Amino acid sequence: MATPKSRSRDGYPGRALALILVVTVGLVALMFGTGNTKPRLGIDLAGGTSVTLTAKSDDPSAVNKTNLDTAVNIIQKRVNGMGVSEAEVQTQGNANIIVNIPDGGNTQQSIDKVGDTAKLYFRPVLAAEPSGAAAQQPSPSASASGGASASPSAGASAVAGSPSASASAPASASASATKAGRALSGALQADPTASASGSASAQPSASAQASAPAANPSAAPTPDAETLALQQKYAALDCSDKAQRLNYQKTNDPTAPAIACSYNDEQGLWYKFVLGGVAVNGQDVTKAQAVYDTQTGKGWMVDLSFNDTGSKAFAATTGQLATQSSPANQFAIVLDGQVVSHPYVQESITGGNAVINGTFTSDEAKSLANVLSYGALPLDFVKSDVTTVSPQLGSEQLKAGLIAGLIGMVLVVAYSLVYYRGLGLISIAGLVVSAVLTWSIMSLLGAGIGFALNLPAVCGAIVAIGITADSFIVYFERIRDEVREGAQLRAAVQRAWPRARRTILVSDFVSFLCAAVLYLVSVGKVQGFAFTLGLTTLLDVVVIFLFTKPLITLLARTKFFASGHPWSGLDPKRLGARPPIRGSRRRSTTTQEV
Amino acid sequence: MSLRNIGHRLYQGEVSFDFVGKRKIWYSISAVIVLVAGIGLAMGLHLGIEFKGGSVYTVHKPGLSASQAKDTADKIIGSNTALAQTTDKGDVRIQVSAQESIPATTFTKEFSQAIGVQEQDINAQVIGPSWGADISKKALTGLIVFMVLVTIYMAIAFEWRMAVAALVALIHDLLITIGVYALVGFEVTPGTVIGFLTILGYSLYDTVVVFDTVKENTRGLTKQSRRTYSEAANHGLNQTLVRSINTTVVALLPVSALLFIGGGFLGAGTLNDISLALFIGLAAGAYSSICVATPLLAQLKEQAPDMKALAKRVAQRRASEAKAKAEAEARGEEFDEVEGEDGDGEQVAAGMVGQRNQPVSRARGKGRPSGKH
């Protein structure tokens with residue numbers, strides 16, 4: 034170690050080196066300890082599909098972080114619910130959501146679905162029946178018999194309660210409700226809880242059925258073409274077939290009846306529904322939360338609040354529905370064309386609050402509440418960019434990037450060695466430390482905040498080799514300047530440092546500012562690049578302060594460097610130093626002889 | 049003269065390139081380049097599909113020809129607007145414009161059936177028509193925000209003239225880079241935009257390194273009357289020339305590795321797009337920080353009253369010095385000696401004054417009684 038005198042002058046190089054050693058070893062140990070030994074790869078390197086969704090809204094303030102985060106939660110569930118594992122959904126920038134779907138699974142299908150606007154509607158149920166190819170083949174003829182007189186009327190009046198489209202709806206309702214009446218009664222016995230999220234309720238259906246009035250089959254209008262088409266579609270729909278479970282709500286006017294599917298977890302059965310026109314729009318839901326009902330001990334339920342429009346419409350519709358008999362006394366909550374939940378209605382619900390209860394687990398209730406909240410968001414998403422990269426292409430790109438990085442590194446190392454000789458070794462060591470730090474931090478960030486290394490990020494890292502090497506050069510040149518001035522190496526190293534430090538800090542600050550601005554205003558690929566650039570710029574400062582400078586300080590004490598060995602890169606003769614005798618500040622002409 | 053001494057000689061002022069004094073030449077060169085770049089820009093940039101919207105399918109099938117692919121694609125989309133080209137790797141790249149609203153899934157499926165390849169051998173990229181506009185807008189926002197911030201920062205860390213000069217150099221670099229793209233007709237992709245934006249940081253990085261030395265070199269300049277700001281700046285520039293060249297070379301090495309690997313192994317792609325823009329930008333950045341930013345700074349500085357006064361003093365001094373020199377050759381040496389100690393005590397080489405163009409000083413140094421060492 035150093036003598037006390039040199040300590041005060043040289044600082045404590047040993048301590049700094051020990052610190053960075055500890056940090057580096059610590060990070061590497063953490064990396065291996067947590068098993069995240071490799072950075073997560075972005076879709077463009079690993080293969081897969083990346084979808085960029087951009088939020089659009091008439092109300093710009095609606096595109097905010099909270100809304101986006103909620104959207105991310107839901108989309109995440111949606112994508113992973115489609116059987117794609119490890120899909121990664123994150124917000125990016127102010128209005129974007131990036132969905133990265135790794136290869137495997139039904140990627141293409143998820144792409145089509147993921148961008149669909151999550152629209153939430155409350156629609157009265159006009160008819161429902163199980164739908165599964167194997168289980169039951171619903172044929173129109175089979176249904177005719179069961180038609181209780183209540184059913185057609187139920188359908189009819191339910192539609193009357195819905196905002197509009199009553200002309201076409203009743204026809205379909207009466208036609209299909211007949212079938213549904215029977216089908217669903219069977220289902221009821223088997224406990225008609227349902228929904229994709231495994232939620233929803235079944236208020237004792239007896240009361241609901243009891244309340245069904247033997248209504249006046251309200252002047253059953255003649256089926257028009259549209260209704261017939263719907264009828265046919267409904268008859269043909271097989272919800273157990275994935276391809277058929279489309280979002281039928283999308284295709285037609287929300288005020289017109291539509292068909293939809295729903296999955297009953299407990300029965301493992303698909304149901305299909307005919308739904309009336311939209312009674313309440315999801316946007317009218319102001320709040321939805323899962324609450325535990327301690328009073329009645331019924332367990333988890335979902336508490337809903339509506340705005341004015343919503344509560345009026347909800348009161349009116351529930352009032353209507355309460356008078357119906359099953360299945361037309363159900364209120365379907367439809368998200369993206371799938372019935373999420375279809376609770377039975379017992380009475381008109383006024384006051385803008387509603388409770389959906391059933392045999393929820395806390396997760397189910399939360400999930401439903403989430404869906405309801407999300408549906409309440411006035412956000413539409415546009416697919417801005419969809420990129421599919423085959424794993425093969427991805428790995429080729431990665432390989433090319435790594436090769437380029439390696440070649441770049443070798444070139445820089447070679448150049449430093451040729452030009453700076455012994456000093457070049459220091460820059461190599463610095464680059465290695467920098468590389469190890471970058472790698473381990475990236476690996477840890479991959480697990481920590483979901484940072485994924487994409488191609489531009491690789492480019493950023495490669496470009497950073499130059500930045501890191503630049504700092505060494507700035508310092509080396511400064512030292513050499515001092516040596517040229519005639520300073521002894523040890524003094525030169527110390528005198529060069531304040532100036533080099535200043536230059537490095539200023540230029541790194543500019544670099545970091547650039548990266549930060551890029552990161553904040555950009556989206557997608559640019560962000561990956563900016564992130565890497567910013568990270569490596571910071572690391573550059575760390576490395577030069579804690580590694581390069583202390584190392585040079587220590588090495589300046591060695592004979593090899595201090596004596597200006599020709600291979601040290603600090604040979605005073607070679608640098609054309611003035612003789613270190615004060616007062617004789619003439620240039621040395623010995624330069625010529627070297 | 050061997051190359052390894054050049055650093056020393058530049059540092060000592062034995063060799064000196066007159067960047068600042070010959071600024072008109074550099075300005076003219078830059079003006080011509082920028083003009084040409086402007087013409088190129090007027091002709092329009094070749095925007096990639098990301099900016100126009102549409103879909104790109106890359107089909108990996110040996111033996112598939114572009115025309116074959118186009119025919120098949122046309123059949124699927126039901127018009128003849130598809131564009132097909134073979135890439136360096138033998139893949140076929142098909143572009144379908146955003147107007148043909150055919151889902152990528154459908155296209156991929158039908159195409160793979162028609163041509164007999166696996167669906168996974170087709171890479172699809174679908175870009176909304178507004179995506180490019182979005183990216184461009186964000187890039188522009190980033191550009192402006194960065195420029196404002198960095199100008200403020202430089203104005204504080206250095207001074208406003210340096211900020212202005214650096215900004216001009218930055219715009220200069222961007223114009224050149226974009227101009228080259230327009231002229232050569234390289235495709236502008238988001239990767240290119242990333243490259244452009246990175247040039248911002250790098251161009252300034254380079255300029256900052258040079259300015260830092262210039263600032264240091266011109267500290268306390270008004271206390272002496274031996275050299276003007278321009279001369280001091282030029283000397284600083286020369287002192288850091290090796291450093292500038294080295295940093296640029298070192299920055300360019302990895303980028304060129306990227307460029308050649310990206311281009312050589314993969315054909316066009318993100319790697320190539322970023323590195324090409326960077327390569328042009330870095331080269332332009334090195335040039336501009338030396339030949340545009342510093343001369344401009346010197347020019348701005350010379351307008352300041354104190355520097356004007358200094359220039360006058362220097363001129364006066366030189367006139368009298370020349371007279372004295374003519375009278376007594378030997379005493380001229382002493383002048384230098386004395387003055388070398390003031391103003392810039394540690395590093396101004398004696399005999400720097402007025403010798404910007406030729407390494408007179410070396411000849412002079414040699415002529416000195418060399419018994420001192």
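Those sequence lines, one after another, are chains A and B. Every position in the first sequence, counted from 1, becomes a number in my numbering once 33 is added. Every position in the second sequence, counted from 1, becomes a number in my numbering once 48 is added. Virtual Cβ for every residue (Gly too), placed ideally from N, Cα, C. Predicted model only: the values in this text are computed from it and were never measured.
Contacts that residue i makes with chain B (C-beta to C-beta distance below 8 Å)
| i | result |
| --- | --- |
| SER601 of chain A | Under the 8 Å cutoff, chain B gives no residues; its nearest Cβ is about 14 Å from SER601 of chain A. |
| VAL539 of chain A | ALA205, VAL256 and ASP260 |
Amino acids of chain B, ordered along the chain, whose beta-carbon sits closer than 7 Å to that of residue i
| i | result |
| --- | --- |
| VAL465 of chain A | Under the 7 Å cutoff, chain B gives no residues; its nearest Cβ is about 15 Å from VAL465 of chain A. |
| GLN265 of chain A | Those within 7 Å of GLN265 of chain A in chain B number zero; the least Cβ separation is about 24 Å. |
| VAL28 of chain A | The requested residue 28 of chain A does not occur in the structure, where chain A is confined to residues 34 to 627. |
| ASP503 of chain A | THR295, VAL298 and ALA299 |
Beta-carbon proximity of residue i to residue j, cut-off 9 Å
| i | j | result |
| --- | --- | --- |
| ASP139 of chain B | VAL107 of chain B | yes |
| LEU551 of chain A | THR471 of chain A | no |
| GLU98 of chain B | THR237 of chain B | yes |
| GLY284 of chain B | VAL258 of chain B | yes |
| PHE578 of chain A | ILE366 of chain A | no |
| MET475 of chain A | THR565 of chain A | yes |
| LEU337 of chain A | ILE389 of chain A | yes |
| ALA205 of chain B | LEU245 of chain B | no |
| THR124 of chain A | ASP102 of chain A | yes |
| GLY75 of chain A | GLY561 of chain A | yes |
| ALA160 of chain A | TYR296 of chain A | no |
| GLY227 of chain B | ILE81 of chain B | yes |
| LEU486 of chain A | LEU78 of chain A | yes |
Chain B within 9 Å of residue i, Cβ atoms only
| i | result |
| --- | --- |
| LEU571 of chain A | no |
| ASP413 of chain A | no |
| PRO46 of chain A | no |
| ARG535 of chain A | yes |
| ASP274 of chain A | no |
| LEU551 of chain A | yes |
| ARG73 of chain A | no |
| LEU546 of chain A | yes |
| LYS416 of chain A | yes |
| LEU584 of chain A | no |
Contacts that residue i makes with chain B (C-beta to C-beta distance below 9 Å)
| i | result |
| --- | --- |
| ASP271 of chain A | Near ASP271 of chain A there are no residues of chain B at all, since even the closest Cβ is about 21 Å away, more than 9 Å. |
Residue-chain proximity (residue i, chain A), Cβ-Cβ < 9 Å
| i | result |
| --- | --- |
| LYS186 of chain B | yes |
| GLU394 of chain B | For GLU394 of chain B, the pLDDT reaches just 40, beneath the cut-off of 50, and the residue's location in the model is therefore unreliable, leaving the point undetermined. |
| ALA172 of chain B | yes |
| LEU222 of chain B | no |
| THR129 of chain B | no |
| GLU98 of chain B | yes |
| ILE77 of chain B | no |
| MET400 of chain B | Here MET400 of chain B scores only 43 on pLDDT, less than 50, and its place in the model should not be relied on; the value that follows carries that caveat. MET400 of chain B does not count as touching chain A. |
| HIS283 of chain B | no |
| GLN143 of chain B | no |
| GLN272 of chain B | no |
Chain A residues whose Cβ lies nearer than 8 Å to that of residue i
| i | result |
| --- | --- |
| VAL303 of chain B | GLY441, ILE495, VAL496 and GLY499 |
| THR318 of chain B | ASP77, GLN430, LEU488, PRO489, CYS492 and LYS558 |
Proximal chain A residues relative to residue i, where beta-carbon distance stays under 7 Å
| i | result |
| --- | --- |
| ILE309 of chain B | ALA433, ILE436, ALA437 and ILE440 |
| ALA152 of chain B | VAL419 |
| VAL290 of chain B | GLU510 |
| ASP119 of chain B | In chain order: nothing, as chain A lies at least about 23 Å away. |
| ASP169 of chain B | SER423 |
| THR342 of chain B | Going along chain A, no residue has its Cβ under 7 Å from THR342 of chain B, so there is no contact; the nearest lies around 15 Å. |
Short of 9 Å Cβ to Cβ, which residues in the region 234-266 of chain B face chain A?
Taking a C-beta cut-off of 9 Å against chain A, the contacting residues of the region 234-266 of chain B are PRO238, GLY239, VAL241, ILE242, GLY243, LEU245, THR246, LEU248, GLY249, TYR250, LEU252, TYR253, ASP254, THR255, VAL256, VAL257, PHE259, ASP260, THR261 and GLU264, listed in chain order.
Contacting positions in the region 478-496 of chain A - beta carbon closer than 9 Å to chain B
Look at the region 478-496 of chain A: the residues with a C-beta under 9 Å from a C-beta of chain B are ASN487, LEU488, PRO489, VAL491, CYS492, GLY493, ILE495 and VAL496.
Within the region 82-165 of chain B, ranges of the alpha helix (DSSP H) (whole runs, at least 4 residues)
Note on the region 82-165 of chain B: whole alpha helix (DSSP H) runs with a minimum of 4 residues are 97-100, 114-125 and 152-163, in chain order.
Using a Cβ-Cβ cut-off of less than 8 Å, give me the residues of the region 505-526 of chain A that come near chain B, in sequence order.
When CB distances to chain B are screened at a threshold of 8 Å, the residues of the region 505-526 of chain A falling below it are ILE506, VAL507, GLU510, ARG513, ASP514, ARG517 and GLU518, in chain order.
Return the chain-ordered ranges of every beta strand (DSSP E) run that is complete within the region 418-445 of chain A and spans a minimum of 3 residues.
Counting only runs of 3 or more, we get nothing.
Curious, which full-length alpha helix (DSSP H) runs of at least 4 residues does the region 252-334 of chain B contain?
Counting whole runs of 4 or more residues, the region 252-334 of chain B contains the alpha helix (DSSP H) stretches 277-287 and 289-314.
Chain A contacts made by the region 193-209 of chain B, where a contact means CB separation under 9 Å
Those residues of the region 193-209 of chain B that come within reach of chain A (Cβ to Cβ, closer than 9 Å) are VAL193, PHE194, LEU197, VAL198, TYR201, MET202, ALA205 and PHE206.
Given a limit of 8 Å on CB to CB distance, which residues of the region 321-337 of chain B reach chain A?
The region 321-337 of chain B vs chain A, Cβ under 8 Å: ILE322, SER323 and LEU326.
Determine which residues of the region 445-461 of chain A have a Cβ less than 8 Å from any Cβ of chain B, and write them out in chain order.
So the close ones are VAL445, TYR448, SER449 and TYR452.
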